[in-house]
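J.: For reference, the structure I am asking about is given below.
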Amino acid sequence: QVHLVASGGGVVQPGTSLRLSCAASDFTFSDYSMHWVRQAPGKGLEWVAVISFDGSNEHYADSVRGRFTISRDNSKNTLYLQMNSLRTEDTAVYYCGRGTGSGSFLCNYWGQGTLVTVSS
Amino acid sequence: IVMIQSPDSLAVSLGERATINCKSSQSLLSTSSSKNFLAWYQQKPGQPPKLLIYWASARESGVPDRVSGSGSGTDFTLTISSLQAEDVAVYYCQQYYNSPITFGQGTRLEIK
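This is the structure:
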């Protein structure tokens, strides 16, 4: 059973930064790509970013490219999302997910999310 | 790639068929693999998404066989053959053909 627990959300002001973490367990973390997806209150799903199994490749949604950075620490089984220059439109529940393979764009497990609220 | 689902919401009687459509702005069919890079997810309130279908028609482990996916190229369909109460949810299609990965806007499925 794959376990993914996102944390680090909170209430922040526009223009500030926040780092989310996703602790992974019960699978070999270093074998899989990892994703972040978000969901604004009452809205649909929006994919945010993906990182390959070894951290060598990253892809971003246009809405966050240049502001957000996805990274991972395979020694700690942890995925990160560094969010800079936050905007009110970044307010959402952020979910981390596991890809189906080392560089896969398909995600087959999602953990419970963490809420980020950007407000002045 | 833009993904458009129809309808936005759907009410179906218990035991009846539910059909959700998804159209992509470009083909999701890989000529090299002959696979369509299209997935369907189910999301219930307060929960993360759950993968139902991948490669347009492959059912994820544990998904009941009343749930099926079909289509190729740019037009895809999710069908629930006999609606059960536990199927009430929002359903999303997603393309994973290339980056940025994109979702449809979602279809809310309810009991009539």
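Chains A and B, in that order, are what the protein sequence lines are. Using this note's numbering, the first residue of the first sequence is number 1, and each one after it goes up by one. Using this note's numbering, the first residue of the second sequence is number 1, and each one after it goes up by one. Backbone N, C-alpha and C define an ideal beta-carbon position, used for all residues, glycine too.
Closer than 8 Å by beta-carbon distance: list the chain A residues that pair up with E60 (chain B), in chain order.
T.: Stepping through the second sequence from its first residue, residue 60 (chain B) is reached at position 60. Within chain A, the residues near E60 (chain B) are N108.
J.: Specify, as a first and last residue, the run of the beta strand (DSSP E) that L86 (chain A) falls within.
T.: One-based indexing of the first sequence puts residue 86 (chain A) at position 86. Element bounds for L86 (chain A): n/a, residue is neither H nor E.
J.: Assign F103 (chain B) to one of three DSSP states: helix, strand, or coil.
T.: Taking the first residue of the second sequence as position 1, residue 103 (chain B) is located at position 103. It is a strand residue.
J.: Are the beta-carbon atoms of S85 (chain A) and R65 (chain A) separated by less than 8 Å?
T.: Here residue 85 (chain A) is taken as the residue at index 85 of the first sequence, counted from 1. Here residue 65 (chain A) is taken as the residue at index 65 of the first sequence, counted from 1. Cβ atoms of S85 (chain A) and R65 (chain A): not closer than 8 Å.
J.: Got a sec: is the Cβ-Cβ distance from L81 (chain A) to anything in chain B below 8 Å?
T.: As a first step, residue 81 (chain A) must be located in the first sequence, where it is residue number 81. For L81 (chain A), the answer is no, since every Cβ of chain B falls outside 8 Å of its Cβ.
J.: If you reduce the DSSP assignment to three classes, tell me which class D75 (chain B) lands in.
T.: Position 75 of the second sequence, counted from the first residue, corresponds to residue 75 (chain B). D75 (chain B) falls in the strand class under three-state DSSP.
J.: Determine the chain A residues that contact I4 (chain B) at a beta-carbon separation under 7 Å, and present them in chain order.
T.: Within the second sequence, the letter at position 4 stands for residue 4 (chain B). Near I4 (chain B) there are no residues of chain A at all, since even the closest Cβ is about 12 Å away, more than 7 Å.
J.: Please state the DSSP three-state secondary structure of D62 (chain A).
T.: Translated into positions along the first sequence, residue 62 (chain A) becomes position 62. The answer is coil: DSSP assigns D62 (chain A) none of H, G, I, E or B.
J.: DSSP on A85 (chain B), reduced to helix/strand/coil?
T.: Here residue 85 (chain B) corresponds to residue number 85 of the second sequence, with the count starting at 1. Correct three-state label for A85 (chain B): helix.
J.: What do you reckon, is the C-beta of T78 (chain A) under 7 Å from a heavy atom of the ligand SAH?
T.: With respect to the ligand SAH, the structure shown offers nothing to examine, as it has no ligands at all.
J.: Mind checking which residues open and close the beta strand (DSSP E) that includes Y54 (chain B)?
T.: Position 54 of the second sequence, counting from 1, holds the residue named residue 54 (chain B). Where Y54 (chain B) is concerned, the enclosing beta strand (DSSP E) stretches over 50-54.
J.: Which residue comes first and which comes last in the beta strand (DSSP E) that contains L28 (chain B)?
T.: Taking the second sequence and counting its residues from 1, one reaches residue 28 (chain B) at position 28. Neither: L28 (chain B) is in no beta strand (DSSP E) and is coded neither H nor E.
J.: What do you reckon, are the CB atoms on A106 (chain B) and Y91 (chain B) nearer than 8 Å?
T.: Reading the second sequence from its first residue, position 106 is the one you call residue 106 (chain B). Reading the second sequence from its first residue, position 91 is the one you call residue 91 (chain B). Reading off the sequence shown, one finds Gly at residue 106 (chain B), where the question assumed Ala. Yes, the pair counts as a contact, with Cβ atoms nearer than the cut-off.
J.: According to DSSP, is D90 (chain A) part of a helix, a strand, or is it coil?
T.: Within the first sequence, numbered from 1, the residue matching residue 90 (chain A) stands at position 90. If DSSP states are grouped into helix, strand and coil, D90 (chain A) belongs with the helices.
J.: State the Cα-Cα distance for the pair V12 (chain B) and E110 (chain B), rounded to the nearest angstrom.
T.: Here residue 12 (chain B) corresponds to residue number 12 of the second sequence, with the count starting at 1. Here residue 110 (chain B) corresponds to residue number 110 of the second sequence, with the count starting at 1. Each residue's Cα considered, the two are about 6 Å apart.
J.: Under the assumption that T114 (chain A) contacts N108 (chain A) (Cβ atoms under 8 Å), give the Cβ distance between them as a whole number of angstroms.
T.: If you number the first sequence from 1, residue 114 (chain A) lands on position 114. If you number the first sequence from 1, residue 108 (chain A) lands on position 108. The pair is not a contact, with the Cβ atoms about 20 Å apart (cut-off 8 Å).
J.: What residues match up with E60 (chain B) in a beta bridge as DSSP calls it?
T.: Within the second sequence, the letter at position 60 stands for residue 60 (chain B). Answer is none; E60 (chain B) lacks a bridge partner.
J.: Indicate whether T117 (chain A) and T91 (chain A) have their beta-carbon atoms separated by less than 8 Å.
T.: In the first sequence, the residue the question calls residue 117 (chain A) occupies position 117. In the first sequence, the residue the question calls residue 91 (chain A) occupies position 91. Cβ distance < 8 Å, so T117 (chain A) and T91 (chain A) count as in contact.
J.: How many Å lie between T102 (chain B) and S75 (chain A) at the Cα?
T.: Reading the second sequence from its first residue, position 102 is the one you call residue 102 (chain B). Reading the first sequence from its first residue, position 75 is the one you call residue 75 (chain A). Going by the C-alpha atoms only, they are around 30 Å apart.
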